[in-house]
Amino acid sequence: PLEVSQRIQYTGYLTEESSFSKKVARKQIGIDEEQKIVVCSMGGGQGAFDIWKNIIEALKNNINLFDMAYLILGPYLEPEDAKKIIELQNTYAWLQVKTYVADMPVWMTASDLMIGAAGSNMLGEILACKCNSIVIPRQVREVEQHIHSTILSNMKLVRMCALQDVLNGSLNKMVATALTEPLSISKSPLMNGSSKYCTYLSDWYNRTVKE
11 PLEVSQRIQY
21 TGYLTEESSF
31 SKKVARKQIG
41 IDEEQKIVVC
51 SMGGGQGAFD
61 IWKNIIEALK
71 NNINLFDMAY
81 LILGPYLEPE
91 DAKKIIELQN
101 TYAWLQVKTY
111 VADMPVWMTA
121 SDLMIGAAGS
131 NMLGEILACK
141 CNSIVIPRQV
151 REVEQHIHST
161 ILSNMKLVRM
171 CALQDVLNGS
181 LNKMVATALT
191 EPLSISKSPL
201 MNGSSKYCTY
211 LSDWYNRTVK
221 E
């Protein structure tokens, strides 16, 4: 109804668009400018062990295309699973594992490839940082992540690898393609929604009071 539609305002993605360069981001986290790096995060990480195994396998099969991979496991990955992945640092010299970082957008901006979960917050951060990315919708019972990331994939803003395809080994080829043919995002969709949200509420309130 018109009465309802007039009260709806699209804010865009909540994340503020990144204002710093890859060079500045790398300096901030101590990574050499010349290194080619992959950054991976599954958000909070709960129940993500099988995904991590396939990500590591895909990276191992494409080691000739990058120098270092940084895995950010998330604070909720089960302790025994986290331990198994952390121990892989002793096997692979190209692998570094972190449980959590407070400045995820900085790591995204610094990366040559970002492999991430397709939650709305992470998708917003990926778009804000304009990073070359592969996203994995990991919801099992809901389809929101798959729908959202498919739309962005069709817009050439991200590459999307469905969960079943990840588990079937299809990530290998996609990682190779993403590293040799990176996506170049010149313009993100509407961003800075967290700031606009307050403005829209204020405008709506003032209009209501006048009426």
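The sequence shown begins at 11 in this note's numbering and counts up one residue at a time.
No residue lacks a Cβ here, since even glycine has one placed at the ideal position from N, Cα and C.
Please read these numbers as outputs of a predicted model, since none were measured by experiment.
CA-to-CA distance, residue j to residue i, given in whole angstroms
i           : j           : result
residue 210 : residue 105 : 45 Å
residue 117 : residue 36  : 8 Å
residue 52  : residue 132 : 9 Å
residue 136 : residue 61  : 19 Å
residue 173 : residue 19  : 33 Å
residue 206 : residue 27  : 13 Å
residue 222 : residue 45  : The requested residue 222 does not occur in the structure, where the chain is confined to residues 11 to 221.
residue 169 : residue 92  : 26 Å
residue 83  : residue 17  : 40 Å
residue 111 : residue 41  : 15 Å
residue 158 : residue 150 : 14 Å
residue 103 : residue 130 : 33 Å
Residue nearest to residue i in terms of C-alpha spacing, selected from the options
i           : options              : result
residue 195 : 73, 107, 123 and 19  : 123
residue 22  : 202, 212 and 216     : 202
residue 70  : 82, 99, 54 and 150   : 99
residue 126 : 174, 164, 55 and 198 : 55
residue 86  : 96, 58 and 76        : 58
residue 208 : 13, 14 and 24        : 24
residue 1   : 48, 67 and 93        : There is simply no residue 1 to check, as the chain begins at 11 and stops at 221 in what is shown.
residue 107 : 88, 119 and 79       : 79
residue 199 : 163, 40 and 111      : 163
residue 204 : 83, 49, 72 and 134   : 134
residue 109 : 120, 90 and 102      : 90
residue 178 : 160, 159, 65 and 15  : 65
residue 49  : 184, 129, 88 and 81  : 81
Continuous beta strand (DSSP E) stretch holding residue i: start and end
i           : result
residue 310 : Summary: the structure shown does not reach residue 310, with the chain confined to residues 11 through 221, and so no result is reported for it.
residue 50  : 47 to 51
residue 168 : From DSSP, residue 168 is part of no beta strand (DSSP E); its letter is neither H nor E.
Endpoints, the alpha helix (DSSP H) within which residue i is located
i           : result
residue 201 : From DSSP, residue 201 is part of no alpha helix (DSSP H); its letter is neither H nor E.
residue 189 : 181 to 190
residue 38  : 32 to 39
residue 91  : 89 to 97
Identified DSSP bridge partners for residue i
i           : result
residue 81  : 50 and 107
residue 143 : 124
Check: residue i C-beta below 7 Å from any heavy atom of the ligand GDP
i          : result
residue 95 : This structure simply doesn't include the ligand GDP, nor any ligand for that matter.
I want to know whether the segment 138 to 153 touches the segment 183 to 195 - three or more CB-CB distances under 8 Å. yes
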